[in-house]
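So that you can map any letter, position 155 of the sequence shown is 155 in UniProt numbering, and since no number is skipped, the others follow by simple counting. Here's the structure we're looking at; comments come further down.
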Amino acid sequence: MESFNQSRGAGLIQGDYNSSSGGLGFPETSFGNYTANVSDQSMPFQGSSTMVTAVISFTVFIVGLTGNTLAIYVVLRYAKMKTVTNIYILNLAVADELYILGLPFLTTQNVLSYWPFGSFLCRVVMTADSLNQFTSIFCLTVMSIDRYLAVVHPIRSTRWRRPRVAKAVSAAVWAFSFIVVLPVVIFSDVQDTFNSCNMSWPEPRDIWSTAFILYTATLGFFGPLLVICMCYLLIVVKVKSSGARAGFTKRRRSERKVTRMVVVIVVVFVLCWLPFYIINIVNLVIILPENSWMAGVYFFAVILSYANSCANPLLYGFLSDNFKQSFRKVLCVRKANGVEDGDPSLPRTEKTTTNDSFLTPRNNDFNGHMQGSQDLQLQSCMSASEKPPPARPLIIGQSTL
């Protein structure tokens, strides 16, 4: 049996950009007497694949690097963004950033059809890529559990849903992810056969490779996905049972908004990664054909997994009002000494762990409502000379994502 292994960069499931496949091709298998050469039927696809993958990789790199860097910056920069959910989003963005930073190395191997950076960088890039994969799904799992606690047990979970606890949980997620990817740290190396960065399994290679595919699929996708589904099933039951008794209070609306954002992020992650895992698992049972059509299918699955790393910042901006406002504030041309609401130097009042304070400058005609939402955004983009003198910040109870 042959394994249709991973060629997602230097990713987890063993794969190889071999010298005869023009960069995309089919990865080296650990089973049987499979040769590195791909059939002539796939050559038309492979001939154009190098340039296509290079262009797509460059686009993903620019979009992903910019978006994730922006997400990391606004969470660290503005006090209003330091909520429990955003701390997990920060770690998710860091994981995506690690993967994005390794993309130029992987693209270079794809274009040159060999790995020119040596054994040490091979191990570093593969480890970072693996950490992204596991940390992402683990962060989404923790975020889903956090949503479950916030909606189903809002009172009892108060002492657990604190930024300090979220930071400790995030550190534990990174530590656990590193333990999970220890096989990558140990067995990743530059292969002598194709001079490519890959997993070098000991004998019997077929057993090691099959076990690793099942290992990564269980711990890195299907297991966490089961926990996530259970969390949102319980959330739906809770919302339906309490919806008839209680009206849509401001707090309930904010919780629903945060939950919706997390759900969308999870759904996008599943859509981006499910084809990849299905292909690898199916190939454990059925030998997939080696032709241009199958190469195109696998290329599509690989690109989807790439796309997830640059899609998350876009989702933050579309689904979170606070992320949207913070992104606009950062992207506006401002003087260095301009007054900014949400400055970390300003005191931050935490009303509850699920309803953090939102600091905005006092407006002379402010009437106690959020009618000035768009006006505040415009004011944040004005130059310092056009702004009225800064006044004492007013605390408005608005849930932050």
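In this text, a Cβ means the ideal position worked out from N, Cα and C, and glycines have one as well.
- At the C-beta level, residue 276 and residue 309 stay beyond 7 Å of one another.
- The beta carbon of residue 138 is closer than 8 Å to those of 173, 176, 177, 224 in its chain, skipping five residues each way along the sequence.
- For residue 202 and residue 162, the gap between their C-alpha atoms comes out near 45 Å.
- Taken through DSSP and simplified to helix, strand or coil, residue 332 comes out as coil.
- Spanning the alpha carbons of residue 56 and residue 230 requires a straight line of approximately 36 Å.
- If only complete runs of 4 or more residues are kept, the segment 104–164 shows the alpha helix (DSSP H) at 118–152, in order along the chain.
- Per the coordinates, the alpha-carbon of residue 81 lies some 19 Å from the alpha-carbon of residue 263.
- Beyond the five residues adjoining it in sequence on each side, residue 289 comes within less than 6 Å, by CB distance, of no other residue in the same chain.
- Residue 181 carries a coil assignment under DSSP once its states are collapsed to helix, strand and coil.
- When the Cα atoms are used, residue 168 and residue 194 turn out to be separated by approximately 42 Å.
- Within the DSSP secondary-structure output, residue 196 pairs in a beta bridge with 191.
- C-alpha of residue 200 to C-alpha of residue 133: approximately 20 Å in a straight line.
- Taking all protein chains in view, the Cβ of residue 278 is surrounded by fewer than 16 other Cβ atoms within 10 Å, so the residue is classified as exposed.
- Apart from sequence neighbours up to five positions away, the residues of its chain that approach residue 265 with a beta-carbon distance below 7 Å are 140, 312, 315, ordered along the chain.
- Here residue 91 is not near residue 144, since their CB atoms are 7 Å or more apart.
- Beyond the five residues adjoining it in sequence on each side, residue 330 comes within less than 7 Å, by CB distance, of 70, 73, 74 in the same chain, given in chain order.
- Of the residues 213, 274, 320, the one whose Cα lies closest to the Cα of residue 300 is 274.
- By the 16-neighbour rule on beta-carbons within 10 angstroms, residue 51 is exposed.
- The three-state secondary structure of residue 287, taken from DSSP, is coil.
- Residue 184 sits close to residue 130, with the two beta carbons spaced by under 7 Å.
- Assignment of residue 232 by DSSP, reduced to helix, strand and coil, places it in the helix class.
- In terms of Cβ geometry, residue 65 and residue 100 form a close pair [threshold 7 Å].
- Annotation for residue 307: the continuous alpha helix (DSSP H) segment containing it runs 292–319.
- Secondary structure at residue 273: helix, using DSSP grouped into helix, strand and coil.
- Check the Cα spacing between residue 214 and each of 124, 294, 284: the tightest is with 284.
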